[in-house]
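Asks: Mind having a look at this structure? Questions to follow.
Residue numbers (this note's numbering): 110 to 948.
Next comes the structure, spelled out in structure tokens:
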């Protein structure tokens, strides 16, 4: 039941023994307890007004009140197929391809076409004899004289090195089998930018599917759509045109200025639901073109529908080896490329339970015969799958053909609906049930190919499952962002998995960073489908990478039945193939391996998965997983970034008692500071600064620093070092006669380092220049505005330290000097009155 008007659902974590009092208070406030948890967390889900939730948080025994969030599957709509990248348009602003053959004929409202022009700016035109299609400005689908198909027409620019060129080509046989088409054509505008020379703003795709006889389906797939802001054409036009008469013309967006015409929820999260697509895939829209008019020219004969291809894999294979294995399995048992189409795991996962926390599982599928048990649905109904994502994930974990651990037992835990969407409360409920179902001492793995914004409650639920002895594997997310900004990807006790492709590159959509533990295959993954009990489907995403690793964990647990989760995690990272991934973006360069395992100390803690923080990224619109032939756009909304950017000084005496500063973001709602798991006295100075009195340490050496905050945690693994004597971090080393900048109290009177010069460089932008600074080698300077990083400094010999392209905003700025990721100096806050700039 939906919350009443003015209310929303909250998750309330309470101390042991306070349950009855808190439940009574919820009722007294006029709220409704909708669920009770006793294992994943200790507490409730309840519907309350924001005012009542704030009041409840002050009640003794309440440790946290957190708003419920949307959680989605970790796979997106853009379909990964080798044919889509056959031809590249190269980096450009505006341009058209030459006419390219579709390989079939399309009956476009009575006119037959067999070739198209691809426009860099987000659309195609059938070859109507009027030449290339390179428009970038205004198009009106209701008056155009050309047969246009525009999945997202705007002023696209791919010249920025961070973006990718537009590509196109015919779908592969496997791609056509996925969509049941006789043949098809694909155009990718994936990771493209906007004029002029922006970074990545859009990822979308057009498929033209041949249904024979001239009938075609248009499929518009969207993974990322940010607001258009181009000075020349900051608009969207979406739809297709019948220029002969307008009866068949379809306009989804005309001269739209915001993605709100497309999205539902967080920015960049496209609407769930689609037209004519089963199962429903968020961000996918299908339009069946059936004009009912004979074409004016005879269509080129179409290829006959082909069955799903079966590889000819050569000689018989030995016992314990699978021949003709899907590439993802094949990659797990090989240290290097190329692959040999065979799969030889170290074991089968027999005796291991695999909890699939997802959209449910089609338990009648032949991939799971005799190896499923009764599961649970947190959203009502049965744990059967009406989406397809959960079944695909289960097939990769433990399917007979597509699975890693072929004898593991599947336990479906349904927490997401038929569109792949759910809530934090539903996920916590599913984990709560799994912990209750798990028999202590029995080997189990739990896969979560889903995600959302940062959630301390979800993180706690995952940690509780791990504490119960369940190895938890989670998707890193599909936002091309720092995984530390999303839950459950950031939870330290889980094994967080990023995605790689067939060439051992990091997948273009994959999240990355210090919260990632390991990579797994995640592009064009073949596994079980739900259209029949023998169906197969191809999907991509970190949703697909995670179950590969969950399967490897199940194989290990089948061989080491008493291994705790920390041992499993250590064994997987110690056994992984090293330095195989191109472009890991700060993630550990380890790729899962299943053919053998390195022996590890049972007491060795997991080596990866530091939660919180991270060195890059910055929010995001989508959370858990990938880009696929099935799934939602990236898995959930973005969350606040809670980071510890530096600790200063970063070391001190074992006895403690000294004061240090934590520099970062998201500190304003801090509820504690812990150093080495010991509570410290602290004072929140502002959102970016906490002063901390260091508690006495337990031993010499490094200690983790953690700041629990509302809806999350900032975390710096090993961020502080206890030493025998007080050691202060070094400051900036000035050259003779120069100043140590940003410390006005120590700046010579003749210097003006604390008085920056502000100049305009472009409309609405400014440069901030500090005279004559000299930074020691390895030191970098970062400019913050209201606690958020806005620029990195560069040294200009003529001018000094310069921060360019800073948004022209009045207010308090702060400069922080860092070395090796740790703060070594910071200035007092400076107030800049930003000028009115005209460029």
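Glycine residues also receive a C-beta, built at the ideal position from the N, C-alpha and C atoms.
Do you know whose CA, among 793, 358, 761 and 832, lies nearest residue 950's CA?
Replies: Absent from the model: residue 950. The displayed extent of the chain is 110 to 948, so no value can be given.
Asks: Could you tell me which uninterrupted beta strand (DSSP E) segments, each at least 3 residues in length, are contained entirely in the segment 130-181, listed from first to last along the chain?
Replies: Listed in chain order, they are 141-146, 152-157 and 171-176.
Asks: Taking contact to mean at least 3 C-beta pairs separated by less than 8 Å, is the segment 435-451 in contact with the segment 520-531?
Replies: These segments do not touch.
Asks: Just mark residue 425 as buried or exposed, buried being the case when its beta carbon has 16 or more other beta carbons within 10 Å.
Replies: As a first step, residue 425 is located in the chain shown; it is residue number 316 there, counting from the start. It is exposed - the Cβ of residue 425 has fewer than 16 other Cβ atoms within 10 Å.
Asks: Buried or exposed: residue 822, going by 16 or more other Cβ atoms within 10 Å of its Cβ?
Replies: Numbered from 1 along the chain shown, position 713 holds the residue referred to as residue 822. So residue 822 ends up on the buried side.
Asks: Could you check if residue 421 is buried or exposed, using at least 16 other CB atoms within 10 Å of its CB as the buried criterion?
Replies: Indexing the chain shown from 1 puts residue 421 at position 312. In this predicted model, residue 421 has a pLDDT of only 38, less than 50, meaning its place in the structure is not dependable; the value taken from the coordinates is given anyway. By the neighbour-count rule (16 or more Cβ atoms within 10 Å), residue 421 is not buried but exposed.
Asks: With H, G and I counted as helix, E and B as strand and the rest as coil, what does DSSP make of residue 611?
Replies: Taking the chain shown and counting its residues from 1, one reaches residue 611 at position 502. Note: residue 611 maps to coil in three-state DSSP.
Asks: Going by DSSP, what residue range makes up the beta strand (DSSP E) through residue 557?
Replies: Position 448 of the chain shown, counted from the first residue, corresponds to residue 557. Start and end: 553-557.
Asks: In angstroms with no decimal places, state the Cα-to-Cα distance between residue 129 and residue 136.
Replies: Walking along the chain shown from the start, residue 129 turns up at place 20. Walking along the chain shown from the start, residue 136 turns up at place 27. Taking the straight line joining both Cα atoms gives about 11 Å.
Asks: Which stretch, first to last residue, makes up the beta strand (DSSP E) that contains residue 647?
Replies: Along the chain shown, one-based indexing puts residue 647 at 538. Where residue 647 is concerned, the enclosing beta strand (DSSP E) stretches over 645-648.
Asks: By the three-class DSSP mapping on this structure, what secondary structure does residue 684 have?
Replies: The residue labelled residue 684 in the question sits at position 575 within the chain shown. It is helical.
Asks: Are the Cβ atoms of residue 308 and residue 272 separated by less than 9 Å?
Replies: Locating residue 308 in the chain shown gives position 199, counting from the first residue. Locating residue 272 in the chain shown gives position 163, counting from the first residue. Yes, these two residues count as a Cβ contact at 9 Å.
Asks: Does DSSP put residue 440 in a helix, a strand or coil?
Replies: Against the chain shown, residue 440 aligns to sequence position 331. Of the three classes helix, strand and coil, the one that applies to residue 440 here is helix, per DSSP.
Asks: Going along the chain, which residues of its own chain have a beta-carbon closer than 8 Å to the beta-carbon of residue 156, five neighbours each way excluded?
Replies: Position 47 of the chain shown, counting from 1, holds the residue named residue 156. Excluding residues within five positions, the ones whose Cβ falls inside 8 Å are 112, 113, 116, 117, 118, 119, 140, 141 and 143.
Asks: Give the C-beta separation of residue 653 and residue 622 to the nearest angstrom, bearing in mind that I take them to be a contact with Cβ-Cβ under 8 Å.
Replies: In the chain shown, residue 653 corresponds to position 544, counting from 1. In the chain shown, residue 622 corresponds to position 513, counting from 1. Not a contact, Cβ separation roughly 20 Å.
Asks: Can you round the beta-carbon distance between residue 545 and residue 524 to whole angstroms, since I take them to be within the 8 Å contact cut?
Replies: Reading the chain shown from its first residue, position 436 is the one you call residue 545. Reading the chain shown from its first residue, position 415 is the one you call residue 524. Between residue 524 and residue 545 the Cβ distance is about 15 Å, and since that is not below 8 Å, they are no contact.
Asks: Can at least three beta-carbon pairs, one atom from the segment 548-563 and one from the segment 578-594, be found at a separation below 8 Å?
Replies: The segment 548-563, when compared against the segment 578-594, does touch it at the 8 Å Cβ threshold.
Asks: Using a 10 Å radius around the Cβ and a threshold of 16 neighbouring Cβ atoms, would you call residue 378 buried or exposed?
Replies: The count along the chain shown starts at 1 and reaches residue 378 at position 269. Note on residue 378: pLDDT 33, under 50, position unreliable in the model; the coordinate value appears next. The residue is buried, with at least 16 neighbouring Cβ atoms inside 10 Å.
Asks: The alpha helix (DSSP H) with residue 501 in it runs from where to where?
Replies: The residue labelled residue 501 in the question sits at position 392 within the chain shown. 498-507 is the span of the alpha helix (DSSP H), which, as asked, contains residue 501.
Asks: By the three-class DSSP mapping on this structure, what secondary structure does residue 451 have?
Replies: One-based indexing of the chain shown puts residue 451 at position 342. Of the three classes helix, strand and coil, the one that applies to residue 451 here is coil, per DSSP.
Asks: Identify whether residue 748 lies in helix, strand or coil by the three-state DSSP scheme.
Replies: Counted from its first residue, the chain shown places residue 748 at position 639. Annotation note: pLDDT 27 at residue 748 (below 50); position unreliable, coordinate value reported separately. Correct three-state label for residue 748: coil.
Asks: Candidates 609, 779 and 624: which alpha carbon is nearest residue 440's?
Replies: Along the chain shown, read from residue 1 onward, the residue named residue 440 stands at position 331. Among 609, 779 and 624, the Cα nearest to that of residue 440 is on 609.
Asks: For the beta strand (DSSP E) containing residue 226, name the first residue and the last one.
Replies: Numbered from its first residue, the chain shown carries residue 226 at position 117. Here the beta strand (DSSP E) through residue 226 covers 220-228.
Asks: If contact is defined by three or more beta carbon pairs under 8 Å, each pair taking one atom from either stretch, is the segment 636-643 in contact with the segment 675-683?
Replies: Contact between the segment 675-683 and the segment 636-643 is absent, because fewer than three Cβ pairs lie under 8 Å.
Asks: From residue 777 to residue 765, what does the alpha carbon distance come to, in whole angstroms?
Replies: The residue given as residue 777 occupies position 668 in the chain shown. The residue given as residue 765 occupies position 656 in the chain shown. One C-alpha to the other measures close to 25 Å.
Asks: What residue from 672, 295 and 131 has the CA that sits closest to residue 549's CA?
Replies: The sequence position of residue 549 within the chain shown is 440, counting from 1. Closest option to residue 549, Cα to Cα, is 672.
Asks: If I measure Cβ to Cβ from residue 300 and keep anything under 7 Å in the same chain, skipping five residues before and after, which residues do I get?
Replies: Residue mapping note: residue 300 aligns to position 191 of the chain shown, counting from 1. The answer, listed in chain order, is 272, 273, 309, 312 and 617.
Asks: In or out: residue 597 buried (at least 16 other Cβ within 10 Å) or exposed?
Replies: Working through the chain shown from its first residue, we reach residue 597 at position 488. Buried, since its Cβ has 16 or more Cβ neighbours within 10 Å.
Asks: To the nearest angstrom, how far is the alpha carbon of residue 543 from that of residue 696?
Replies: In the chain shown, the residue the question calls residue 543 occupies position 434. In the chain shown, the residue the question calls residue 696 occupies position 587. Taking the straight line from one Cα to the other gives about 30 Å.
Asks: Looking at residue 664: is its Cβ nearer than 9 Å to the Cβ of residue 508?
Replies: The residue given as residue 664 occupies position 555 in the chain shown. The residue given as residue 508 occupies position 399 in the chain shown. For residue 664 and residue 508, no; Cβs fall outside 9 Å.
Asks: According to DSSP, is residue 579 helix, strand or coil?
Replies: On the chain shown, residue 579 is found 470 positions in, with the first residue counted as 1. Coil at residue 579, not helix or strand.
Asks: State the Cα-Cα distance for the pair residue 249 and residue 234, rounded to the nearest angstrom.
Replies: Taking the chain shown and counting its residues from 1, one reaches residue 249 at position 140. Taking the chain shown and counting its residues from 1, one reaches residue 234 at position 125. For residue 249 and residue 234, the distance between alpha carbons rounds to 14 Å.
Asks: Return the chain-ordered list of same chain residues with a C-beta closer than 6 Å to the C-beta of residue 297, the five sequence neighbours on each side being excluded.
Replies: Counting from 1 along the chain shown, the entry for residue 297 is found at position 188. Taken in chain order, the residues that qualify are 193, 276 and 314.
Asks: Who are the Cβ neighbours of residue 279 in its own chain at under 8 Å, not counting the five residues just before and after it?
Replies: The residue given as residue 279 occupies position 170 in the chain shown. Around residue 279: 192, 195, 211, 212, 292, 293, 294 and 295.
Asks: Using the beta-carbon count (16 or more within 10 Å), is residue 612 buried or exposed?
Replies: Taking the first residue of the chain shown as 1, we reach residue 612 at position 503. By the neighbour-count rule (16 or more Cβ atoms within 10 Å), residue 612 is not buried but exposed.
Asks: Examine chain C for any beta-carbon lying closer than 9 Å to the beta-carbon of residue 452, and answer yes or no.
Replies: You won't find chain C in this structure, because it holds only one protein chain.
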